[in-house]
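What follows is a short report on a single structure.
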Amino acid sequence: MPDRLSFEMEKDLLIKGWMSHDARWFMAVAKHFGMDAANRLNQSVCREIGRVEMKRYMKTLALSPAKDLEGFLILKKSALSLYGSGLAEYEIKILDDQSYEMHMKRCFAHENIVRAGIEDRCECGIFGKITGLDRRQGLEHELTPPWVVYDGSGKECHYKIALRFH
581 MPDRLSFEME KDLLIKGWMS HDARWFMAVA KHFGMDAANR LNQSVCREIG RVEMKRYMKT
641 LALSPAKDLE GFLILKKSAL SLYGSGLAEY EIKILDDQSY EMHMKRCFAH ENIVRAGIED
701 RCECGIFGKI TGLDRRQGLE HELTPPWVVY DGSGKECHYK IALRFH
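Right, here's the structure in full:
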C-alpha cells in the first residue's frame with residue numbers, strides 16, 4: 581500500500597468521485613420526477629457549478645476577466661484541465677476575434693449516458709457547465725446549436741460559441 585497518493589492520483593479520485601455523485605443524482609431525479617425535470621435541474625445546476633468553479637479559480641489565482649478571445653481561451657483551457665482532467669478530449673478552432681468552435685471528440689458524460697441507455701432523452705450538461713464558466717467572466721455568449729439532446733449516433737458534439745467582450 582502506498583504511503584501517500586500523488587497529487588494527480590488525489591485529483592483524479594476527487595474528480596471521478598464528483599462525477600459519480602453527479603450521475604447518481606441525475607438518475608435519482610429522473611427516476612423520481614421524470615427525465616424532463618432531471619434535464620431542467622441538471623442544466624441549472626451545471627451552469628451554477630461552472631460559475632462557482634470559475635469564480636474560485638480566478639480568485640485563487642487573482643485573475644481578472646479576459647479582455648479578448650485569446651486571454652479567454654487560455655483561462656478556459658486552464659480551468660477545464662483542472663476541473664475535468666482526462667474526462668474529455670476536445671479541439672478549439674478560433675473563427676474570428678469573438679467566436680470559436682468547440683469539437684468534443686470524446687466525452688465521459690456521453691459515454692455514460694449511452695451506457696445508461698438514455699441518450700435519446702438526455703440533454704448535455706457539459707455545455708451548461710462550460711457556459712457557466714464563460715458567464716462568470718462577465719461574458720454574454722451565443723451557443724449554436726442552442727442545446728444538445730443526444731441522438732445516440734455517436735457523432736461528435738460541435739458548437740460555435742460567440743462571445744461579447746465589453
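The sequence shown maps to residues 581 to 746 in my numbering.
Backbone N, C-alpha and C fix where the C-beta goes; we use that ideal spot for every residue, glycine too.
Just so you know, these numbers come straight off a predicted model, no measurement behind them.
If only uninterrupted alpha helix (DSSP H) runs of at least 4 residues are considered, none is enclosed by the stretch 622-652. With a contact defined as Cβ atoms closer than 8 Å, Gly-708 and Gln-623 qualify at about 5 Å. The Cβ neighbour count for Asp-714, taken over all protein chains shown within 10 Å, is at least 16; the residue is labelled buried. Using a 10 angstroms sphere on the CB of His-683, the tally of other CB atoms stays under 16, which defines it as exposed. Straight-line measurement puts the Cα of Arg-695 at about 37 Å from the Cα of Gly-651.
When the five nearest sequence neighbours on each side are left out, the beta carbons in the same chain lying within less than 6 Å of the beta carbon of His-721 are those of Asp-714, Ile-741 and Leu-743, in order along the chain. Our two residues, Tyr-637 and Leu-723, have alpha carbons roughly 23 Å apart in a direct line.
Judged by DSSP secondary structure, Asp-583 falls outside any beta strand (DSSP E); it is assigned neither H nor E. Relative to the Cα of Glu-669, the nearest Cα in the group Phe-606, Asp-676 and Ser-661 belongs to Ser-661. The shortest C-alpha to C-alpha distance from Gly-664 to any of Leu-653, Lys-596 and Phe-745 is the one to Lys-596. Residue environment analysis places Glu-691 among the exposed positions, since fewer than 16 neighbouring C-beta atoms fall within 10 angstroms of its C-beta.
Annotated three-state conformation of Ser-679 is strand, per DSSP.
Boundaries for Arg-695: no beta strand (DSSP E) harbours it, while the alpha helix (DSSP H) harbouring it runs 688-696, taken from the DSSP string.
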